[in-house]
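In what follows, a structure is listed as C-alpha cells, so that the remarks can point back to it.
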Amino acid sequence: MIWLMLLTLVVVFIIGFRVLNSRPRRAVKALTRRLNLDPVYVESLISLMGKSAGEEFVDYLTVENESHLANAASVLFIYQVFIVDESDESIAFWRGVLRKAYLPTEISAEHVRLALNFLRDIEPDAQEMHDFRLRYNARFSAADGSNVVSLFPTLH
6 MIWLMLLTLV VVFIIGFRVL NSRPRRAVKA LTRRLNLDPV YVESLISLMG
56 KSAGEEFVDY LTVENESHLA NAASVLFIYQ VFIVDESDES IAFWRGVLRK
106 AYLPTEISAE HVRLALNFLR DIEPDAQEMH DFRLRYNARF SAADGSNVVS
156 LFPTLH
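With our numbering applied, the sequence shown covers 6 to 161.
Here it is in C-alpha cells:
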C-alpha cells in the first residue's frame, strides 16, 4: 500500500514537472532543431539570462516565426563568441552552425540590441559588443567574397 502511494506521488511529480517546463522545453527544442545543436547550449544561455530575461527569451522563441528563430540564433551566436569564447575556432564553429542552418552570419545592430536586452543581467559592455560586431563583420564580409552586385549604379 505504501509503495502505491509513493508511486502515485512520483507520477504526479513527474507530470507536474513536465507541465511546468513545457514552454521552455518547446522553445529550446525549436531553436536546437533549427540549428541542429545539443540543447545544452540554449539551456545554458537561458539560465545565464536570469529569470525575467530568460522568460522573455522563451516568449520570443515560442512565437512560431522564422525571423524570431533567426534573431534568437544570432543572440546565441553573440553569446557564444563574444561572452563565452572569442577564439577563432569558436567563431568558425558557430559561423558553421549558422551557415548549415541557412541563417545569416552577419551580425546586425538589431542583433546586438537584442543580445544586450536578453543578456542584461550579466551587464555586457555595449560599446565592446558594438566594436566586436564591427570587427567581426569587417573580417568576414571581405572573406566571404560576396557575389552581390548592384543593378542600379550610383549616379553622381
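Note that beta-carbon positions come from the ideal geometry of N, C-alpha and C, so glycine has one too.
- Around the beta carbon of Gly59, a 10 Å sphere encloses 16 or more other beta carbons of the protein chains shown; the residue is thus reported as buried.
- When DSSP states are grouped into helix, strand and coil, Asn122 belongs to the helix group.
- Here the alpha carbons of Met10 and Trp99 stand approximately 48 Å from one another.
- Per DSSP, Ser113 is not a residue of any alpha helix (DSSP H), being assigned neither H nor E.
- Using a Cβ distance threshold of 8 Å, Ala77 and Leu66 count as a contacting pair.
- A direct Cα-Cα distance of roughly 16 Å separates Phe145 from Ala114.
- Excluding five sequence positions before and after Leu121, the CB atoms of its chain that fall closer than 6 Å to its own CB belong to Ala131, given in chain order.
- Taking the C-beta atoms as reference points, Val16 is found no nearer than 8 Å to Val33.
- Its chain contains no residue whose beta carbon lies nearer than 8 Å to that of Asp90 once the 5 sequence neighbours on both sides are disregarded.
- Cα atoms of Arg104 and Arg38: separation of roughly 14 Å, rounded to the nearest angstrom.
- For a cut-off of 8 Å, the C-beta gap from Arg138 to Ile112 is around 5 Å, short enough to register as a contact.
- Boundaries of the alpha helix (DSSP H) around Asp93: Asp93 to Lys105.
- Asp43 and Leu36 have their C-alpha atoms some 10 Å from each other.
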